[in-house]
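Residue numbers (my numbering): 3 to 206. Read the structure below first, then the notes.
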Amino acid sequence: MSCPPISFYRRPTEVVARDLVGKKLVRTIRENGRIFRLAGTIVETEAYGYSDDPASHACMGPTARNRVMFGDVGRAYVYFTYGNHFCVNVSARSSTIEAGAVLIRGLEPVEGIEIMKKLRPVDDAFSLTSGPGKLTQALNISSALNGVDMTNPESELHIEFGISKSIRIMATPRIGITRAVDRKWRFVDPASPYVSRRIQIKAI
DNA sequence: CGCTCGATATTCT
DNA sequence: GAATATCGAGCGA
3 MSCPPISFYR RPTEVVARDL VGKKLVRTIR ENGRIFRLAG TIVETEAYGY SDDPASHACM
63 GPTARNRVMF GDVGRAYVYF TYGNHFCVNV SARSSTIEAG AVLIRGLEPV EGIEIMKKLR
123 PVDDAFSLTS GPGKLTQALN ISSALNGVDM TNPESELHIE FGISKSIRIM ATPRIGITRA
183 VDRKWRFVDP ASPYVSRRIQ IKAI
């Protein structure tokens, strides 16, 4: 399976966020000469912009943490938050904007599910990858992967075209933020149970 | 089920 | 020093 090319990510961030729903996030782990594939279909994303978006890490300009949002598109922006969790984004923006990224908030597990369960032992199957901090744990994603090329199938973390099926995609306000809360830059597959905080969908 | 609250480290003021 | 693109335990209904 091939990867969406760089040009896919060189479009308005919210358009990329919408189109990433249904694609596949793939984590390959090389260990003792063997290769494990952990993968899931993306079911929930959020777009984060530049200076016009007060909720974005990039709104005050480049810093050591957010520099990937200002660099080449199609790269992994991984950051640590709340003292406990990693979150993974893909840098994406049109050529007229200086920064932007898409947060991946939910996955439907497809490959390597038994390994995911070892990396993240939970009783409830839906709690495996239904949240930005959960899926990074299940796929063993940390800041070591910050900046990797997500358009390269050789990368330890990349994005592939998903199964070609038409799915309904719904736009809602972003969650877990305190600023620009009215902007509908969260995109979900409402049919998937692997969406974080499902109650937020019904409220729209 | 749904809500409140505390943990915990990095980042920025 | 304050805030944070979160999670899970604990509680009440």
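For every residue, glycine included, the Cβ atom is placed at its ideal position computed from N, Cα and C.
Item                                                                                                                                                         : Value
Nearest to alanine 19 by CA position, among Ile179, Ile44, Ile177 and Leu137, is which residue?                                                              : Ile44
Which residue from Cys89, Gly76, His87 and Ile115 puts its Cα closest to that of alanine 97?                                                                 : Strictly speaking, residue 97 in this sequence is serine, with alanine absent from that position. For the residues Cys89, Gly76, His87 and Ile115, the minimum Cα distance to serine 97 belongs to Gly76.
Among Thr30, Met71 and Ser129, which one has its Cα closest to the Cα of serine 58?                                                                          : Met71
Rounding to the nearest angstrom, what Cα-Cα distance links methionine 2 and proline 56 in this structure?                                                   : No answer is possible for residue 2: the residues shown for the chain start at 3 and end at 206.
Could you please give the first and the last residue of the uninterrupted beta strand (DSSP E) stretch that includes methionine 172?                         : 172-174
Take every Cβ of the stretch 143-151, pair it with every Cβ of the stretch 163-181, and state whether three or more of those distances are shorter than 8 Å. : no
Quick one, are the C-beta atoms of threonine 138 and tyrosine 196 less than 8 Å apart?                                                                       : no
Measure the Cβ-Cβ separation of valine 124 and lysine 26 and say whether it is below 8 Å.                                                                    : no
Where alanine 127 and arginine 181 are concerned, what is the direct C-alpha to C-alpha distance, given to the nearest angstrom?                             : 32 Å
What is the residue span of the alpha helix (DSSP H) that threonine 138 lies within?                                                                         : 134-140
Check each candidate in Cys89, Asp54, Asp21 and Gly133 and name the one with the smallest Cα separation from arginine 67.                                    : Cys89
Taking all protein chains shown into account, decide if phenylalanine 38 is buried (16 or more other Cβ within 10 angstroms of its Cβ) or exposed.           : exposed
With respect to the beta strand (DSSP E) encompassing arginine 29, which residues constitute its N-terminal and C-terminal limits?                           : 26-33
Quick one: measure Cβ to Cβ for isoleucine 161 and arginine 29, integer angstroms, because I've assumed they're closer than 8 Å.                             : Between arginine 29 and isoleucine 161 the Cβ distance is about 11 Å, and since that is not below 8 Å, they are no contact.
Following the continuous alpha helix (DSSP H) through serine 9, name the residue where it begins and the one where it ends.                                  : 8-11
Among the residues of its own chain, which have a CB less than 6 Å from the CB of alanine 101, if the five just before and after it don't count?             : Tyr52, Ala60, Met71 and Phe72
Can you tell which of Arg199, Trp187 and Ser198 has the C-alpha that lies nearest to the C-alpha of aspartate 21?                                            : Trp187
Report back the beta-carbon spacing between tyrosine 79 and alanine 103 to the nearest angstrom; my notes put them in contact at under 8 Å.                  : 5 Å
Taking only runs that begin and end inside the stretch 140-167, name each unbroken beta strand (DSSP E) of 3 or more residues, in chain order.               : 159-162
CA-CA distance, proline 175 and histidine 87?                                                                                                                : 22 Å
When DSSP labels each residue in this structure, what does serine 198 get in the three-state scheme?                                                         : coil
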